[in-house]
Amino acid sequence: MPSLDDFATEKLAQLETAQLRRTLVESTRNDGIRLERGGRTLLSFSCNDYLNFTHHPGIKGAAATALLKYGVGGGASRLVTGNHPLYAELETKLARLKGSEAACVFGSGYLANAGIIPVLIGTEDLLLIDELSHACLWAGAQLSRGTVQIFRHNDMAHAKALLAGHRAAHRHALIVTDGVFSMDGDLAPVGDLIALARTHDAWLMTDDAHGIGVLNDGRGSGNPEIDLQMGTLSKAIGSYGGYVCASKPVIDLIKTRARTLIYSTALPPASVAAAIAALEIIDKDKALTRRPLEKARLFTRILNLPEAQSPIVPLVLGTPEAALAAAKQLEDEGFLVVAIRPPTVPDGSARLRFAFTAAHADEDIDRLAEAVRRVAA
Ligand SMILES: *Cc1c(COP(=O)(O)O)cnc(C)c1O
Numbered sequence: 010m011p012s013l014d015d016f017a018t019e020k021l022a023q024l025e026t027a028q029l030r031r032t033l034v035e036s037t038r039n040d041g042i043r044l045e046r047g048g049r050t051l052l053s054f055s056c057n058d059y060l061n062f063t064h065h066p067g068i069k070g071a072a073a074t075a076l077l078k079y080g081v082g083g084g085a086s087r088l089v090t091g092n093h094p095l096y097a098e099l100e101t102k103l104a105r106l107k108g109s110e111a112a113c114v115f116g117s118g119y120l121a122n123a124g125i126i127p128v129l130i131g132t133e134d135l136l137l138i139d140e141l142s143h144a145c146l147w148a149g150a151q152l153s154r155g156t157v158q159i160f161r162h163n164d165m166a167h168a169k170a171l172l173a174g175h176r177a178a179h180r181h182a183l184i185v186t187d188g189v190f191s192m193d194g195d196l197a198p199v200g201d202l203i204a205l206a207r208t209h210d211a212w213l214m215t216d217d218a219h220g221i222g223v224l225n226d227g228r229g230s231g232n233p234e235i236d237l238q239m240g241t242l243s244k245a246i247g248s249y250g251g252y253v254c255a256s257k258p259v260i261d262l263i264k265t266r267a268r269t270l271i272y273s274t275a276l277p278p279a280s281v282a283a284a285i286a287a288l289e290i291i292d293k294d295k296a297l298t299r300r301p302l303e304k305a306r307l308f309t310r311i312l313n314l315p316e317a318q319s320p321i322v323p324l325v326l327g328t329p330e331a332a333l334a335a336a337k338q339l340e341d342e343g344f345l346v347v348a349i350r351p352p353t354v355p356d357g358s359a360r361l362r363f364a365f366t367a368a369h370a371d372e373d374i375d376r377l378a379e380a381v382r383r384v385a386a
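Residue numbers (my numbering): 10 to 386.
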């Protein structure tokens, strides 16, 4: 029988041949936009730190104060002794921003999606999912053991046909999708999804990981008519953690039943305090929240690409080899733009993924666009 090491070695060799092996590269982020890699300083267009809050002095101060006052770790699950008073403050702020009655904070966005869906959907139920949804929505779908039907990306006619064909055979139905698609930067047709869900007696959950803080004055891609507005605290918010906003009964049920909340340790108080401080800035500085999209639109204008709908801009190159080569050339010129390959994106659609932040200078975006012209020509 081949040993575990043989299995791993052979599997890695296969992935290497297909240019799909992944490696961790040591990177030290110096501020909101620059990082050090291999002894060089690179300008990053790959961080999801849209508002550069990971290095915001006021937010760091709030985290440092909480760390010194309350310690480094959460100590236990929120249901045991980890429910620090800072959570109530954060959940109130999140619910207010999203126009919801209540909110629940999780250890991460991945944990939120993996935990929420199985609370609502079981073996008798139907789950509809956009084909380009984030990996953790798929994880939640699998853990739910419901009947999963996949609709073509943003194709409302297809989603409608699937509901017409399958809804009646199931007790409950839930539609899930990214609000802002993480690898394409386009938006889900939220209004149409709400109408579709209403017509077919289905619930709707959208993942706003890339919308909060940067779309619609910081409120994100969703609206209060969505049953479950899920998102992360680790992108524009600059901290760590996940959340969902919904009605009070739904949040109470999730807090009672979501296994990734119940059986996982609470966030460190410093992370919660940082998220609170970030939401306070988003509440006050609307001009800041608009900047990442303005920067992305400057880039798409210069390169004559379709106008950016979010701070994420994809440039599809096809093969993993092409994407890796382009990323390497950009890195040689001082830009960090990570190549995204299958299975993160569908076969044949390997790409460069650009993420723009408030602090990117217009001149740097000009230089980047020039470099991209040479590299992807
Ligand atoms: C990043 C991301 C997540 C996961 O959030 P984490 O807090 O990083 O675990 C979930 N959904 C989408 C769409 C994302 O892009």
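The beta carbon of each residue, even a glycine, is placed where N, CA and C say it ideally should be.
Task: For I42 and H369, believed in contact at Cβ under 8 Å, the rounded distance - done: For the purposes of this step, residue 369 is taken as residue 360 along the sequence shown, with counting starting at 1. For the purposes of this step, residue 42 is taken as residue 33 along the sequence shown, with counting starting at 1. Right, the Cβ-Cβ distance comes to about 6 Å (below 8 Å), so this counts as a contact.
TODO: Would you list the residues sitting across from V322 in a DSSP beta bridge?
DONE: Against the sequence shown, residue 322 aligns to sequence position 313. F363.
Open item on the list: I want to check one thing, is the minimum distance from the CB of H143 to the heavy atoms of ligand 1 below 7 Å?
Closed with: Sequence index remark: in the sequence shown, residue 143 carries index 134 (1-based). Yes, Cβ of H143 sits closer than 7 Å to a heavy atom of ligand 1.
TODO: Decide if the segment 337-347 is in contact with the segment 209-217; the criterion is three or more beta carbon pairs, one per stretch, under 8 Å apart.
DONE: no
Open item on the list: Relative to the C-alpha of H175, which candidate in E133, A150, S142 has its C-alpha closest?
Closed with: Here residue 175 corresponds to residue number 166 of the sequence shown, with the count starting at 1. Answer by Cα proximity: E133.
Open item on the list: Is the beta carbon of K264 closer than 8 Å to that of C113?
Closed with: Residue 113 sits at position 104 when you count from the first residue of the sequence shown. Residue 264 sits at position 255 when you count from the first residue of the sequence shown. For C113 and K264, yes; Cβs fall inside 8 Å.
Task: A385 to A335 span [Cα, whole Å] - done: Your numbering for residue 385 matches position 376 in the sequence shown. Your numbering for residue 335 matches position 326 in the sequence shown. Going from the Cα of A385 to the Cα of A335 covers about 7 Å.
- [ ] Output the boundary residues of the beta strand (DSSP E) element that contains D139.
- [x] Here residue 139 corresponds to residue number 130 of the sequence shown, with the count starting at 1. Run containing D139: 135-139, per the beta strand (DSSP E) assignment.
Open item on the list: Does the distance between the C-beta of T241 and the nearest non-hydrogen atom of ligand 1 fall short of 7 Å?
Closed with: Your numbering for residue 241 matches position 232 in the sequence shown. At least one heavy atom of ligand 1 is nearer than 7 Å to the Cβ of T241, so yes.
Task: Beta bridge counterpart(s) of T186 as assigned by DSSP - done: For the purposes of this step, residue 186 is taken as residue 177 along the sequence shown, with counting starting at 1. According to DSSP, which records beta bridges pairwise, T186 is partnered with T215.
- [ ] Please indicate yes or no: does the CB of A218 lie closer than 7 Å to some heavy atom of ligand 1?
- [x] The residue labelled residue 218 in the question sits at position 209 within the sequence shown. Result yes, Cβ under 7 Å from ligand 1.
Open item on the list: For the beta strand (DSSP E) containing R300, name the first residue and the last one.
Closed with: Taking the first residue of the sequence shown as 1, we reach residue 300 at position 291. First-last for R300: 295-311, but that is the alpha helix (DSSP H), not the beta strand (DSSP E).
Task: Distance CB(P355)-CB(L29) smaller than 8 Å - done: Looking up residue 355 in the sequence shown gives position 346. Looking up residue 29 in the sequence shown gives position 20. Contact flag unset, no.
- [ ] List the endpoints of the continuous beta strand (DSSP E) containing A111.
- [x] Position 102 of the sequence shown holds residue 111. It spans 111-115 - the beta strand (DSSP E) in which A111 sits, taken as one unbroken run.
Task: Cβ contact (3+ pairs, closer than 8 Å) linking the segment 82-91 and the segment 180-190 - done: no
Task: Opposing strand residues paired with E379 [DSSP bridges] - done: In the sequence shown, the residue the question calls residue 379 occupies position 370. Its beta-bridge partners do not exist; DSSP assigns none.
Task: Own chain, CB closer than 6 Å to A75, minus 5 neighbours either side, in chain order - done: Within the sequence shown, the letter at position 66 stands for residue 75. Cβ neighbours of A75 beyond the five flanking positions: P278, A279, A282.
Open item on the list: Using a 10 Å radius around the Cβ and a threshold of 16 neighbouring Cβ atoms, would you call G247 buried or exposed?
Closed with: Mapped onto the sequence shown, residue 247 falls at position 238. Flag for G247 reads buried.
Open item on the list: Mapping the DSSP letters down to three states, classify E372 as helix, strand or coil.
Closed with: Numbered from 1 along the sequence shown, position 363 holds the residue referred to as residue 372. Correct three-state label for E372: helix.
TODO: In the DSSP assignment, find the unbroken beta strand (DSSP E) run with M239 in it and report its ends.
DONE: The residue labelled residue 239 in the question sits at position 230 within the sequence shown. First-last of the beta strand (DSSP E) with M239: 237-241.
TODO: Hey, could you find the ends of the beta strand (DSSP E) Y79 is sitting in?
DONE: Residue 79 sits at position 70 when you count from the first residue of the sequence shown. Careful: Y79 lies outside any beta strand (DSSP E), inside the alpha helix (DSSP H) at 66-79.
- [ ] Sort G194, E45, D217 by Cα distance to E35 and report the nearest one.
- [x] Here residue 35 refers to the residue found at position 26 when the sequence shown is read from its first residue. Residue E45 is the option with its Cα nearest to E35.
Open item on the list: Taking its Cβ as the centre, do 16 or more other Cβ atoms sit within 10 Å of L288, making it buried, or is it exposed?
Closed with: Counted from its first residue, the sequence shown places residue 288 at position 279. Looking at its Cβ environment, which holds 16 or more other Cβ atoms inside 10 Å, L288 is buried.
Open item on the list: Quick check on DSSP: helix, strand or coil for Q338?
Closed with: Position 329 of the sequence shown, counting from 1, holds the residue named residue 338. DSSP places Q338 in helix when its eight states are reduced to three.
Task: Residue from L333, A367, A177, Q23 with nearest C-alpha to A359 - done: As a working mapping, residue 359 is identified with position 350 in the sequence shown. That would be L333, whose Cα lies nearest to the Cα of A359.
Open item on the list: In the DSSP assignment, the beta strand (DSSP E) including L99 goes from what residue to what residue?
Closed with: As a position in the sequence shown, residue 99 is number 90, starting the count at 1. Segment 94-107 is the alpha helix (DSSP H) holding L99; no beta strand (DSSP E) there.
- [ ] Answer with yes or no whether the minimum CB distance from T63 to chain B is below 8 Å.
- [x] Absent from the structure: chain B. Only one protein chain is present.
Task: E316 in three-state terms, based on DSSP - done: Mapped onto the sequence shown, residue 316 falls at position 307. Looking at E316 - three-state DSSP - the assignment turns out to be coil, as it is neither helix nor strand.
Task: Continuous beta strand (DSSP E) stretch holding Y252: start and end - done: Residue mapping note: residue 252 aligns to position 243 of the sequence shown, counting from 1. Looking at the DSSP string, the run of the beta strand (DSSP E) that includes Y252 is 251-255.
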